[in-house]
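Protein chains in written order, with the numbering used here: chain D, 108 to 375; chain B, 6 to 160; chain Z, 731 to 833. Idealized CB from N, CA, C, for every residue including glycine. Keep in mind that this is a model prediction, so the values were computed, not measured. Just below is one structure, and these are the notes that go with it.
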Amino acid sequence: MQPNLRTALATAALALAGPAFGQGSTMDEIARYREMLADGNPAELLEAKGEELWKKPRGPKNASLEQCDMGLGPGKLDGAYAQLPRYFADTKKVMDAESRLVHCMVSLQGFTEAEATKRWFSKPGQDSDIEALVTYIGGKSNGAKINVPARHPEEARMAKVGEYIFYRRSGPQDFSCAICHGQEGKRIRLQELGNLTTQAGAGTAMSTWPSYRVSQGAVWTMQRRLIDCMRQARWPEPKYLADSVIALEVFLQKTASGTVMQTPGIKR
Amino acid sequence: MNNQRREILKAGGGLGLFGLLAAAGLITPGEARAEWNKAAFDAKTIDETLKALGATAPANSADVQLTAPDIAENGAVVPVGVVSTLAGVEAIAILVEKNPNPLAASFMLPVGTEPSVQTRVKMGQTSDVYALVKAGGKFFIAKKEIKVTLGGCGG
Amino acid sequence: MADPMKIRASAKDGITEVKVLMSHEMETGQRKDSSGNLVPAHFITEITAEHNGRQVLAGQFGTAISKNPYLAFKFKGGAKGDKLSVSWVDSKGDKRTDEVQIA
Chain D
108 MQPNLRTALA
118 TAALALAGPA
128 FGQGSTMDEI
138 ARYREMLADG
148 NPAELLEAKG
158 EELWKKPRGP
168 KNASLEQCDM
178 GLGPGKLDGA
188 YAQLPRYFAD
198 TKKVMDAESR
208 LVHCMVSLQG
218 FTEAEATKRW
228 FSKPGQDSDI
238 EALVTYIGGK
248 SNGAKINVPA
258 RHPEEARMAK
268 VGEYIFYRRS
278 GPQDFSCAIC
288 HGQEGKRIRL
298 QELGNLTTQA
308 GAGTAMSTWP
318 SYRVSQGAVW
328 TMQRRLIDCM
338 RQARWPEPKY
348 LADSVIALEV
358 FLQKTASGTV
368 MQTPGIKR
Chain B
6 MNNQRREILK
16 AGGGLGLFGL
26 LAAAGLITPG
36 EARAEWNKAA
46 FDAKTIDETL
56 KALGATAPAN
66 SADVQLTAPD
76 IAENGAVVPV
86 GVVSTLAGVE
96 AIAILVEKNP
106 NPLAASFMLP
116 VGTEPSVQTR
126 VKMGQTSDVY
136 ALVKAGGKFF
146 IAKKEIKVTL
156 GGCGG
Chain Z
731 MADPMKIRAS
741 AKDGITEVKV
751 LMSHEMETGQ
761 RKDSSGNLVP
771 AHFITEITAE
781 HNGRQVLAGQ
791 FGTAISKNPY
801 LAFKFKGGAK
811 GDKLSVSWVD
821 SKGDKRTDEV
831 QIA
């Protein structure tokens, strides 16, 4: 090879490598940022608070939540979050962790549903019991495999409804979940957008909630995450614990089944 | 607190009071605690802050390191650590140049405490971040630019 | 009425590593609430750590420390079972002290 040509090729290769390398190191630094945050997740503070709330007699019936059945039997919390949502024979409904928790607060502790859900997410200076309890319940599934096969006919129906909502274009922007979350390699600014139609993509998303959002200084539950996604897509916002949100959860958890929970997570 | 001690605290002006007070026999090691350094935390520029900390013209030093990512995904929480290989480190401070008040935190390290602290700071925008270290009665400084990105939606 | 801290302290090779998470809003005094009023500053100003009653760290915070502050540091000495306590005071005079045994 001619020396000049070699130099020219090397230069061309460098020029090509340049921008790619730049982006690579940006992503490396973002990864480093996330790694530095992971050791010392403020969600742990909320987990401890949730445990206290779970065990403390409260409400008109002055009862704790320790007999709450999250799907694996009364009081059995280990791995319970990872297999939700599921069909519950006592309510004849498919319920997610949050709707089941509220059911227990109503049936065991005697709160009205309105009381139980009044502050379903926190604001600065206003704590949310639900947020703390869901963080605790979620943490009890850390390391467990997501397992939502959706075999019960009602679960299968909800998975189907969730899939329909995922792909349905709606709202003033004619937007669907799938537009942002149905392809590989998409991002908004520096945030990668997971492809939620694959096991790995759905797993990355689902396994890390509930999650501490550093931008909000609060743990977000899956309900809050999905309701806010819909707000960002300029859809009408569903009510807390709406069946449409639970249906989406069934679809996403079914797709993510087999991936391992790493919760509470921490995100931007 | 008695008035005499308060006067000495004022005169000392911030970091490194422990030695002064202990030498004056006014405190025992167990109660070494300076008053919150309002002047330093209220200062609006790096120079003013350094002055309030009694650290005029600190020397740039490779023996002071700021451990932080080059890019923060969100300015509300930016992990920042300071480590030093200098001997006899007595105090460490973290300053964010473009924050309304640069001083984020200061630490007094009793003998036996390692020159290594990590915390998390808020940053309003991309800025140089300074690590100030007092060792053997002298001040040393190092800086690093941390870029703060605008967020998309949070995964 | 402040929530408890989460403190991890572990001794290894003659050095004790301490990691603390504090539950605190750390209001800067620059944020506006939904009605447009400035929310007054409210933040941890001082933090101290003691090992078996001996001070191992004294820190001062400004408003730029993130909500739910995190602090990690190391000191020489400390053995499994020793007491390690952390205290903070905030700008309104609220206080909190928590204690753990070194692991």
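Pairing G157 (chain D) with A266 (chain D) gives a Cβ-Cβ distance that is not under 8 Å. Contact annotation: the segment 108-123 of chain B touches the segment 795-808 of chain Z, with at least three C-beta pairs closer than 8 Å. I137 (chain D) is a Cβ neighbour of I76 (chain B), given a cutoff of 8 Å. By a beta-carbon distance limit of 8 Å, R375 (chain D) does not contact S314 (chain D). Their separation comes to about 17 Å. Shown here is that no member of the segment 53-73 of chain B has a Cβ falling below 7 Å from a Cβ of chain D.
Note that the C-beta distance between K361 (chain D) and P256 (chain D) is below 8 Å. Shown here, S322 (chain D) sits in coil according to DSSP, grouped into three states, outside any helix or strand.
Note on N79 (chain B): 16 or more other CB atoms within 10 angstroms of its CB, so buried under the neighbour-count rule. Contact between K148 (chain B) and V126 (chain B) fails: their C-beta atoms lie close to 14 Å from each other, not under 8 Å. Within chain D, the residues placing a beta-carbon under 7 Å from that of D733 (chain Z) are L152, K156, ordered along the chain.
Annotation: the continuous beta strand (DSSP E) that includes H781 (chain Z) extends over 774-781.
Shown here for A64 (chain B): same chain residues with a beta carbon closer than 8 Å to its own, the five before and five after excluded, namely K143, F144, F145, I146 in chain order. The beta carbons of D203 (chain D) and L191 (chain D) sit closer together than 8 Å. Taking a C-beta cut-off of 8 Å against chain Z, none of the residues of the segment 130-153 of chain B qualify. Sorting Z:Q785, Z:V786, Z:S817 by C-alpha distance to the C-alpha of E776 (chain Z) places Z:S817 at the top. Around the Cβ of I373 (chain D), a 10 Å sphere holds 16 or more other Cβ atoms; the residue is buried. Judged by DSSP secondary structure, S740 (chain Z) falls within the beta strand (DSSP E) whose first and last residues are 736-742. The secondary-structure analysis by DSSP pairs D176 (chain D) across a beta bridge with D:P181. Not a single unbroken stretch of the alpha helix (DSSP H) spanning 4 or more residues falls wholly within the segment 102-130 of chain B. At a Cβ-Cβ threshold of 8 Å, A354 (chain D) and G269 (chain D) count as neighbours.
One Cα belongs to A109 (chain B), the other to D52 (chain B), and the distance between them is close to 15 Å. Contact of N798 (chain Z) with chain D by beta-carbon distance below 7 Å involves P149, L152, G324.
When 8 Å is used as the limit between beta carbons, T775 (chain Z) is near these residues of chain B: W41, in chain order. In this chain, the alpha helix (DSSP H) harbouring I237 (chain D) covers 236-246. For A145 (chain D), same chain residues with a beta-carbon under 8 Å away, outside a window of 5 residues either side, are I373 in chain order.
According to the DSSP assignment, S817 (chain Z) belongs to the beta strand (DSSP E) that extends over 813-820. Fully enclosed beta strand (DSSP E) runs of no fewer than 3 residues occupy 193-195, 200-202 of the segment 182-219 of chain D, in order along the chain. With respect to I832 (chain Z), T746 (chain Z) sits close: the two C-beta atoms are nearer than 8 Å. For the segment 287-317 of chain D, the set of positions with a beta-carbon nearer than 9 Å to some beta-carbon of chain B reads C287, R294, I295, R296, L297, Q298, E299, L300, G301, T311, A312, T315 in chain order.
The straight-line gap separating the alpha-carbon atoms of T90 (chain B) and L137 (chain B) is approximately 13 Å. DSSP, reduced to helix, strand and coil, places G269 (chain D) within a helical segment of the structure shown. Straight-line measurement puts the Cα of N106 (chain B) at about 6 Å from the Cα of A48 (chain B). Taking the beta carbon of I137 (chain D) as reference, the chain B residues within 7 Å of it are I76, E78, listed in sequence order.
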